[in-house]
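> I have a structure here, written as structure tokens, and I will follow up with some questions on it.
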Amino acid sequence: MKKFLNAVIILALVITAAYFFFRYFEEKALKEEQIEKRRQELAELRRQESEKAKEIEVEEKKRQEQIIRDRQQRNLIADSRNAPDAFAVPKPPRISSAAPDNTAVSSKRSIIADACRKHRCRLVKYEDKPDGSFITVQGPDQNGITDMLNTLRDKGMRDFKYHADLSHVGWSDGINVFTAVYTIKW
Numbered sequence: 018m019k020k021f022l023n024a025v026i027i028l029a030l031v032i033t034a035a036y037f038f039f040r041y042f043e044e045k046a047l048k049e050e051q052i053e054k055r056r057q058e059l060a061e062l063r064r065q066e067s068e069k070a071k072e073i074e075v076e077e078k079k080r081q082e083q084i085i086r087d088r089q090q091r092n093l094i095a096d097s098r099n100a101p102d103a104f105a106v107p108k109p110p111r112i113s114s115a116a117p118d119n120t121a122v123s124s125k126r127s128i129i130a131d132a133c134r135k136h137r138c139r140l141v142k143y144e145d146k147p148d149g150s151f152i153t154v155q156g157p158d159q160n161g162i163t164d165m166l167n168t169l170r171d172k173g174m175r176d177f178k179y180h181a182d183l184s185h186v187g188w189s190d191g192i193n194v195f196t197a198v199y200t201i202k203w
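Just so we're aligned, residue 18 is where the sequence shown starts under my numbering, counting upward by one.
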């Protein structure tokens, strides 16, 4: 009986030891899994932070470029005003807008567009009407638009009507722009 009891005690000790070894390795695997999960979360947070830092850097770079462009534009305007034979305002970047797809490009429109280019103006809108051509022109000042009208008179314009209610002075990209609307009779 003593041998039997010894065998039972040894068996109980082996089972208990096996149970604790099993729990130890199970907890160790669980801890390793949690550590790996935390590492992945930290890596994701670092990636998100680096993306935000890059976005902030790009925004800052765009802002700095805009500041540089504004300074260059102001310097151009200041240089043009200080030059003895310069215009009061630099030429606008777009000389003439393209004709809409649904409007046929007529010889009258091309005459107006050429006159606008010659006198630092931009043809914004052109419509052929029964009573003449309805145009909207933008220029740096009234003098350029007046010179453009004189050129059109030389090219065959009979008369024009100024629409004061549609014309105005405004700002475009930091430049003073005069917008005038006319009906031109050929």
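We treat Cβ as the ideally placed atom computed from N, Cα and C, and that holds for glycine.
#1: Taking the alpha helix (DSSP H) that R170 falls in, what are its first and last residues?
#2: If you reduce the DSSP assignment to three classes, tell me which class S184 lands in.
#3: Short check: CB of V154 to CB of L169, under 8 Å?
#4: Determine the DSSP secondary structure at R139, reduced to helix, strand or coil.
#5: Can K178 and T163 be called in contact, C-beta distance under 8 Å?
#6: What would DSSP say about D148, mapped onto helix, strand or coil?
#7: Cβ of M18 within 7 Å of any heavy atom in the ligand ZN?
#8: Using the Cα positions of S184 and D131, report the straight-line distance between them to the nearest angstrom.
#9: Under 8 Å by Cβ, that's how I've got W203 and M174 pegged, so tell me the actual separation to the nearest angstrom.
#10: Assuming V194 and P147 form a contact by the criterion Cβ under 8 Å, report the distance between their Cβ atoms to the nearest whole angstrom.
#11: Checking the sheet assignment: what are the DSSP bridge partners for F195?
#12: Give me, in chain order, the residues of the same chain whose beta-carbon lies closer than 6 Å to that of R126; leave out the 5 immediate sequence neighbours on both sides.
#13: Do K78 and I128 count as a contact pair if the criterion is CB distance below 8 Å?
#14: Within its chain, find whatever has a CB closer than 6 Å to the CB of S150; leave out the 5 residues flanking it on each side and keep chain order.
Based on what the coordinates show:
#1: Numbered from 1 along the sequence shown, position 153 holds the residue referred to as residue 170. It spans 159 to 171 - the alpha helix (DSSP H) in which R170 sits, taken as one unbroken run.
#2: Mapped onto the sequence shown, residue 184 falls at position 167. Coil, per DSSP.
#3: Translated into the one-based positions of the sequence shown, residue 154 becomes position 137. Translated into the one-based positions of the sequence shown, residue 169 becomes position 152. Their beta carbons are not under 8 Å apart, which means V154 does not touch L169 by this criterion.
#4: In the sequence shown, the residue the question calls residue 139 occupies position 122. Note: R139 maps to strand in three-state DSSP.
#5: Working through the sequence shown from its first residue, we reach residue 178 at position 161. Working through the sequence shown from its first residue, we reach residue 163 at position 146. Going by C-beta atoms, K178 is not nearer than 8 Å to T163.
#6: The residue you call residue 148 lines up with position 131 of the sequence shown. It is coil, neither helix nor strand.
#7: Among the components modelled here there is no ligand, and therefore nothing to report on the ligand ZN.
#8: As a position in the sequence shown, residue 184 is number 167, starting the count at 1. As a position in the sequence shown, residue 131 is number 114, starting the count at 1. One C-alpha to the other measures close to 21 Å.
#9: Along the sequence shown, one-based indexing puts residue 203 at 186. Along the sequence shown, one-based indexing puts residue 174 at 157. Right, the Cβ-Cβ distance comes to about 6 Å (below 8 Å), so this counts as a contact.
#10: Residue mapping note: residue 194 aligns to position 177 of the sequence shown, counting from 1. Residue mapping note: residue 147 aligns to position 130 of the sequence shown, counting from 1. Wrong, their Cβ atoms sit about 30 Å apart, outside the cutoff.
#11: The residue given as residue 195 occupies position 178 in the sequence shown. BP columns for F195 point to G156, V186.
#12: As a first step, residue 126 must be located in the sequence shown, where it is residue number 109. Excluding sequence neighbours, R126 sits near Y143.
#13: Counted from its first residue, the sequence shown places residue 128 at position 111. Counted from its first residue, the sequence shown places residue 78 at position 61. For I128 and K78, no; Cβs fall outside 8 Å.
#14: Here residue 150 corresponds to residue number 133 of the sequence shown, with the count starting at 1. The residues are K125, I201.
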